[in-house]
Amino acid sequence: MRAKQFTLTAFFLLTTLAAQAQTVYPVDQAQILAGSRFDFKVELPERVAQADIRITVNGADYTTALGKAATYIEKEDGKDQSALMLRDVTLTKPGNYAIKVSAGPRARELSWTVYDTGARKARNVILFIGDGLSPAHRAAARILSKGISEGRALGKLSIDDMPHMALVATAGIDSIITDSANAASAYATGHKSAVNAMGVYADRSKDEFDDPKVENISSLVKGRLNMAVGIVTNTEIEDATPAAMVAHTRRRASYDRIVEQFFEQKPDVLMGGGAANFLPNSAEGSKRKDDADYIAKFKNAGYAYAANAAEMKAAAKMPGTSKLLGLFNTSNMDGVLDRKIIKGGTVKKFPDQPDLTEQVDVALDILSRNPNGFFLMVESGMIDKYAHLLDMERAVYDTIMLDNAVARTREWAAKRGDDTLILVLADHGHPISLVGTIDDDMTSAPNAPMRERVRVYAKAGFPNYPKPDAEGYPAKIDVSRRLAMFSASLPDHYETYRPKLDGPNAPTVANKDDAKVYE
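Residue 1297 is where the sequence shown starts when you use the numbering used here, and the numbers rise one by one after that.
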């Protein structure tokens, strides 16, 4: 009995120690590009003397593999918690790396995989990201822009016609659900991170800019290959997806500092909204907390500057333009529906905002002047913004715009031969469902409540949007039979949010006509 008690005590002690073990960055199972730079950090749950900390990589002292000793922090942020930090580490040899960290009775073992890439094939790489793009957005965009008859679409989206397709798991290291910052950071660095973070592993320190950094694609292609870099969006340029191509922070909302990092890294083409955080605090419309004028700073650094579509196109026509900053709205740019059809949003204040297709044309023109090739990230970011607002029509029209940008880029690449890789991705989805149509014909059913106007299955039929224009946009959205797109993130009946242990859940009951109705 005493032996059993001892065994149980030892088990619980070891379990507790494991739960309080060291936190190590990069994390377990990290995949690291050979030669890329990253920061190595060990966080200890308590105050530990430096002499009591032992770290090995593949059985040898860590300094052999990582090249130098880490800085010891006895009390991180003044707390009784020690840490070790080593900046700008590189591992050049591909293979598996076993890391062991021990401090007193606590030990932690983890592994990294260092990989290398094959010989370079593409001169140019273009990454399209539909922020929040979901299957329902694509289906609706196809119906509106191509039409549908006898159960078949009358054409494919350019996105549909890509030669390869894959699914991507987007979970982060802190949650199964990611956000745009974490997702875009994973694309830009190859490292998974945490919600709100980009280009870093989010640690426990107070400073949101001192977290362990990982090198991103903009730094890699400029440093290794002297390629040009372009970042294009229709959201604020400081927003999560475009910022993740360059910035290092665990707080995506730190726009002022993100602008500063843009200036430090200097991508060759930078276009979107968000001028408010480039303007000095004294300027009208500014959101900066200081009086720094980053538009002036970029100009002084040799950038052409454009505040509207006309200036953007004029800058591109100048053969000497190799760097361009375009800021077309103080906040997010207006979407297609407002710019081209309704003239709502901020269109009166910013009447000459470029379309994403026009931004891409200009970016391709300027970036292709670099003899070493380029990396270009293009985001249709308002898909996500509108989906959050449940503004389905605007989200779908911006999905069509994304597809138009992809189509034009594919045409551009085809003329060049086989030197350009084009990728089209979503960073995460939205719980959007295309369930049928909404029949708003008041003459056929004048007193029917709105809920009964939602038609599903055989009653759904087809929407009656007008024939789209040459760009795929119907000129009218307030038609009598339109697509029924809804958020599926919440139940529309009573829900306990617990497993149904007594059998399949039946939230509906049959009425006298044997139709299912909600209890």
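Yeah, the Cβ is synthetic: ideal placement off N, Cα and C, and Gly gets one too.
Using a Cβ-Cβ cut-off of 6 angstroms (strictly less than) and excluding sequence neighbours within five positions of residue i, which residues of its own chain qualify?
i	result
residue 1451	1442
residue 1343	1376 and 1378
residue 1338	1318, 1320, 1380 and 1397
residue 1629	1530, 1569 and 1649
residue 1578	1587
residue 1544	1495, 1496 and 1509
residue 1431	none
residue 1384	1333
residue 1395	1353 and 1406
residue 1735	1749, 1751 and 1777
residue 1696	1437, 1441 and 1768
residue 1359	1365
residue 1305	In this predicted model, residue 1305 has a pLDDT of only 46, less than 50, meaning its place in the structure is not dependable enough to derive any value.
residue 1420	1669, 1670 and 1716
residue 1425	1537, 1675, 1721 and 1723
Distance check for residue j and residue i, CA to CA, integer angstroms please.
i	j	result
residue 1541	residue 1742	53 angstroms
residue 1606	residue 1582	23 angstroms
residue 1594	residue 1611	15 angstroms
residue 1777	residue 1704	31 angstroms
residue 1622	residue 1676	16 angstroms
residue 1771	residue 1620	33 angstroms
residue 1672	residue 1435	26 angstroms
residue 1656	residue 1336	37 angstroms
residue 1406	residue 1392	11 angstroms
residue 1418	residue 1715	5 angstroms
residue 1341	residue 1721	39 angstroms
residue 1580	residue 1637	29 angstroms
residue 1631	residue 1511	32 angstroms
residue 1566	residue 1658	11 angstroms
residue 1725	residue 1484	18 angstroms
residue 1701	residue 1461	18 angstroms
residue 1507	residue 1599	31 angstroms
residue 1514	residue 1445	45 angstroms
Could you have a look at residue i and say whether DSSP puts it in helix, strand or coil?
i	result
residue 1591	helix
residue 1816	The requested residue 1816 is not part of the displayed model; the chain covers only 1297 to 1815.
residue 1729	strand
residue 1689	helix
residue 1443	coil
residue 1509	strand
residue 1654	helix
residue 1737	coil
residue 1585	coil
residue 1751	strand
residue 1315	Bear in mind that the predicted position of residue 1315 carries a pLDDT of just 47, short of 50, making it unreliable; the figure below should be weighed with that in mind. Helix, per DSSP.
residue 1424	strand
residue 1379	strand
residue 1360	helix
residue 1340	coil
residue 1392	strand
Can you tell me which of the options puts its alpha carbon nearest to the alpha carbon of residue i?
i	options	result
residue 1618	1651, 1634 and 1526	1526
residue 1635	1769, 1574 and 1577	1769
residue 1682	1693, 1672 and 1674	1693
residue 1747	1720, 1357, 1782 and 1674	1782
residue 1707	1365, 1679, 1360 and 1457	1457
residue 1547	1724, 1365 and 1504	1504
residue 1519	1372, 1668 and 1713	1668
residue 1414	1560, 1600, 1506 and 1330	1330
residue 1534	1615, 1574, 1670 and 1348	1574
residue 1626	1345, 1572, 1660 and 1614	1572
residue 1537	1460, 1718 and 1427	1427
residue 1429	1389, 1475, 1460 and 1445	1475
residue 1679	1670, 1661, 1652 and 1658	1652
residue 1614	1753, 1662, 1591 and 1558	1662
residue 1711	1660, 1688, 1516 and 1689	1660
residue 1755	1779, 1766, 1775 and 1774	1779
Just to confirm my understanding: we take residue i, look at its own chain, exclude 5 residues before and 5 after, and list those with CB closer than 7 angstroms. What are they?
i	result
residue 1665	1618
residue 1469	1323, 1488, 1489 and 1490
residue 1602	1608, 1611, 1620 and 1622
residue 1709	1716 and 1718
residue 1500	1339
residue 1686	1783
residue 1308	Note that residue 1308 has pLDDT 40, beneath the 50 cutoff, so the model's placement of it is unreliable and the number below is only indicative. So the list is empty, once near-sequence residues are dropped.
For residue i, I'd like the list of residues in its chain whose CB is within less than 8 angstroms of its CB, leaving aside the five on either flank, ordered along the chain.
i	result
residue 1699	1437, 1441, 1453, 1454, 1455 and 1768
residue 1372	1339, 1378, 1379, 1500 and 1501
Inter-stretch contact (C-beta, 8 angstroms, three-pair minimum) for the segment 1640-1656 and the segment 1536-1555:
no
Taking contact to mean 3 or more Cβ pairs, one atom from each stretch, closer than 8 angstroms, check whether the segment 1486-1496 and the segment 1726-1733 are in contact.
no
Just checking, does the segment 1344-1355 make contact with the segment 1473-1486 on the three C-beta pairs under 8 angstroms criterion?
no
Validate contact between the segment 1749-1762 and the segment 1458-1466 using beta carbons, cut 8 angstroms, 3 pairs:
no
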